[in-house]
Amino acid sequence: MLGTLRRDPAWLALGIGAIVLLLVFLGWPLVGMLAKSLVDADGHVGLGGYVRFFTDRAYREVFNNTLILGVAVTLTSMLVGGCLAVVVARCRFPFAGLVTALPLITLVIPDVVVAAAWLLILGKQGLVNAVLAPFGIELPTLYSWWGMVFVMTLNNYVYAFVAVLVGLKSMDRNLEEAGLSLGRPLSRVIGGVTLPLLMPSVFAGALIVFTHVIGSFGVPAILGARTPVLAVKAYNEFVSEMGGNPQMQTTMASLLVFLGAGLLLVQKFIVERRQFQMEAGRAPHAFDIRGVPAALASGSVLFVVALSLLPALVVVLTAFTPSVGPVLRYGGFTLAHLQYALVRAPEPLYNSLFLASIATAAGVLFSVVSAYLIVKRRSALTHVLDVLVMLPLTIAGTVLGIALINAFNTGWLVLTGTWVVMALAYFLRRVPTSVRAAVGPLHNLKDSIEEASMSLGVSPLKSFFRVVLPVIGPSVVAAAVLMWVTTLSELSATVVLYFGGMNTMPIEIFQQIDSGRMALACAYSLVLLLTIFVPLGIARWLFRLKVGTLD
C-alpha cells in the first residue's frame, strides 16, 4: 500500500498529512452534508427529502432547469469552441494567433462582471436597445433562457476550445494520411479516424463545461430570476429570512454533488475505453488558406475575440459614465465612481487581496507536495490523495460553502464567521488546477536524475529542492498566478460564506448590481480587472509565463 514511501519517512508523513487535511476539511463536510439530507425536521432518518424533491413540482422544475441549462450550454459551447479549435489547428490565416489569448481573457473575468456587462449591452435599457428604439425594435429580454445560454456560452466555450485544440495537436497525422492513401474520401476519414481519436478530448471538454454550468451562481442569479436552478435555489433556501428548510438545502446541494461525481465517472469510463496510443510530435500539418476562406476564418476569429472583449470594454466605459440612481448618462465623464471604490469604500479590494494571497500561498505549497507524491511516489496511499485532490472539481461553490458551514458552525472547530473558512473554500476550489499544473512537468522528469542525486548521499528532501523543484518551478509559478487571479473572481462559494466586514470584490459587485447601481458595479469591476490583469502581465513579463495561452 505504501510502495516506495516506506523508505521515505518524511514524504510518508507529508502524504498522510495531505490526506488527513483533505478528509477533515473536504471529506467530513461533504459526508456531513449528505447525512443531513437524510434527516428530517423531526429527526427521522430516511429519503424523505429526496422523495419530496422529486414529487414537488417546484423542485422538479428546478432540477429540470439545471439539466436543460447544462445540456444547452454544453452543446453550444462545444459547437463554438470545437469549430474554432478545428479552424485554428488545421488552418493558417491572418489573426489566428489572437485565439491564444482567449483563455487569458475569458477565464479570469468574473461571471458576475460578464453578466452585468451584457445587461448594459443587451438589457431593456441597454446600448443596443437604445440604438434600435427609434426604429421601433426591441430585443427580447435578457432575463430568459436565451440570455442565460448566450452569456454562459461565451463564458464557457473556451474550455471546449482548449480541450479540442489540445486533442487535435496531439493527434498522429500518419493515421489520417494512411486512411487517405487507401482511397477513402476525406469525409469518411474524418468520421472513421479523426472523430474517434478526438472523442476523449471532446468528452473531457464537455464534462468541464457541464460541471461549470450546473454549479454556476453569478449568471443564473442575475439573469435567471424566472428560471431557478439548483445552485441558486439552494442558496436562496439557505439565506431565506423564514429559515428555509435545512433538509432541502442539503438535499439540493447533495444532488449537485451526485450530478458532478456521476458525470465524472461516466466520462472516465468512456475515455478509458477509447484511449489510443499515438506517435507524439506528429500533429497534422496546418495548411494555408487564402481568399474567401481566409476572410471567413479571420472574421470568425475576430468576432469571437470581440465578443470576449466586449464585456470588459463596456465595464471600462460605464465606470466613467455619470449616473443618477440607476440611470446612466453615456457621453459624459466622471471619476466619482472610481473614487468611491478606491477611496471611500476600498475594503472589498483589501479583503479580496488578503484572502487570495493566503489561499494561493497555501495552495501552491500543498500542490507541489501532492503532485510530487502522486507522480514520483506512486502507491495506494497517493492514489487516494489523487482522487481527493480532484474531488473539488465536481463540487459547485455554493455546495462547498453550505457543506463548510454545516461542518464548522458548531463543535470542536468553529470557523463559520471568520476569514479562515473563506480562505479554506478558495484553497479547496483552486487546488486541483495547481496540482495538475505541477503534475505535467513531473511526468517528464526522469526518475534517474533524482536517483543519481540520492545515490551521492543527498537526502530525498534535499534532492527534491535541488533537482525537482527547479524543473517544475515555471509551471508552479504559472499555476500560482492562475490560482491567485481566479480566486480574486470567486463568487459562488463567497456568497454563502462571507459575513459583515468581509465583503469581497465579487460580492460588492453582485450587491451593487442587485441594487441597480450599475455604474458603481462597473467601477468595482474595473478595479477588479486591473487587480487581475496588471499583476498577471507583470508575472508574464518577469517569468516569461504562458498563463492562459496555448503556445
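Everything in the sequence shown is counted per UniProt numbering, starting at 1 for the first residue and increasing by one. Just so it is clear, CB atoms sit at the ideal spot from N, CA and C, and this is done for glycine as well.
For Ser77, no pairing in a beta bridge is given by DSSP. Contact annotation, Ile109 with Ala423: C-beta distance approximately 22 angstroms; criterion of less than 8 angstroms not satisfied.
If you keep only unbroken alpha helix (DSSP H) runs of at least 4 residues inside the stretch 298 to 378, you get 336 to 339, 347 to 376. Note on geometry: alpha-carbon atoms of Leu353 and His44 lie some 44 angstroms from one another.
Closest in alpha carbon position to Ala407, among Leu23, Met502, Val266, Leu12, is Leu23. Under the three-state reduction of DSSP, Val266 is assigned to helix.
Selection Val31, Val71, Ser525, Leu84 evaluated against Leu302 yields Leu84 as nearest (Cα-Cα).
Beta-bridge annotation (DSSP): Val39 is paired with Val45.
For the pair Ile374 and Leu385, the CB atoms are nearer than the 8 angstroms cut-off. Judged by DSSP in its simplified three-state form, Met505 adopts helix. A direct Cα-Cα distance of roughly 8 angstroms separates Leu461 from Trp11.
In this structure, the straight-line span from the alpha carbon of Ser367 to that of Ser323 is close to 46 angstroms.
Here the stretch 470 to 481 does not lie against the stretch 385 to 398, with fewer than 3 beta-carbon pairs under 8 angstroms apart.
Under a 10 Å Cβ-count criterion, Asp56 is classified as exposed, with fewer than 16 other Cβ atoms of the shown protein chains found around its own Cβ. By the C-beta density criterion, Ala425 is buried, having at least 16 other C-beta atoms within 10 angstroms. Taken in chain order, the complete alpha helix (DSSP H) segments of 4 or more residues contained in the stretch 458 to 499 are 460 to 463, 469 to 488, 494 to 497. For Val24, no alpha helix (DSSP H) encloses it, and the DSSP letter there is neither H nor E. In summary, Trp484 is buried, with 16 or more beta-carbon neighbours lying within 10 Å of its beta-carbon over all protein chains present. Between Ala160 and Gly82, the C-beta spacing is below 8 angstroms.
Nearest to Ala294 by C-alpha distance, out of Leu488, Cys91, Gly262, is Cys91. Shown here for Ala231: same chain residues with a beta carbon closer than 6 angstroms to its own, the five before and five after excluded, namely Gly215, Phe217, Ala396, Thr398 in chain order. The C-alpha of Cys522 is placed about 23 angstroms away from the C-alpha of Leu139. The C-alpha of Val435 lies about 8 angstroms from the C-alpha of Val389. Non-local C-beta neighbours of Thr494 in its own chain, meaning closer than 7 angstroms and more than five positions away in sequence, comprise Met422, Thr504, Pro506, Ile507, ordered along the chain. The DSSP assignment places no complete run of the beta strand (DSSP E) inside the stretch 100 to 141 (cut-off: 3 residues). Distance from the CA of Leu413 to the CA of Gly49, rounded to the nearest whole angstrom, comes to 28 angstroms. Rounded to the nearest whole angstrom, the C-alpha separation of Ser525 and Val113 is 6 angstroms. Looking at Thr410, Pro326, Leu310, the one whose alpha-carbon comes closest to that of Val128 is Leu310. A straight-line Cα-Cα distance of about 8 angstroms links Gly123 and Tyr143. Thr211 sits away from Gly167, with the two beta carbons spaced by 8 angstroms or more. Listed in chain order, the non-local C-beta contacts of Ala359 below 6 angstroms within the same chain comprise Ala423, Tyr426, Phe427, Thr487, local neighbours out to five positions each way being set aside.
Within the model, the alpha-carbon separation for Tyr340 versus Gly473 is close to 40 angstroms. Excluding residues up to 5 positions away in sequence, Glu138, Leu139 lie with their Cβ nearer than 8 angstroms to the Cβ of Leu132 in the same chain. Assigned with DSSP and collapsed to three states, Arg436 falls in helix.
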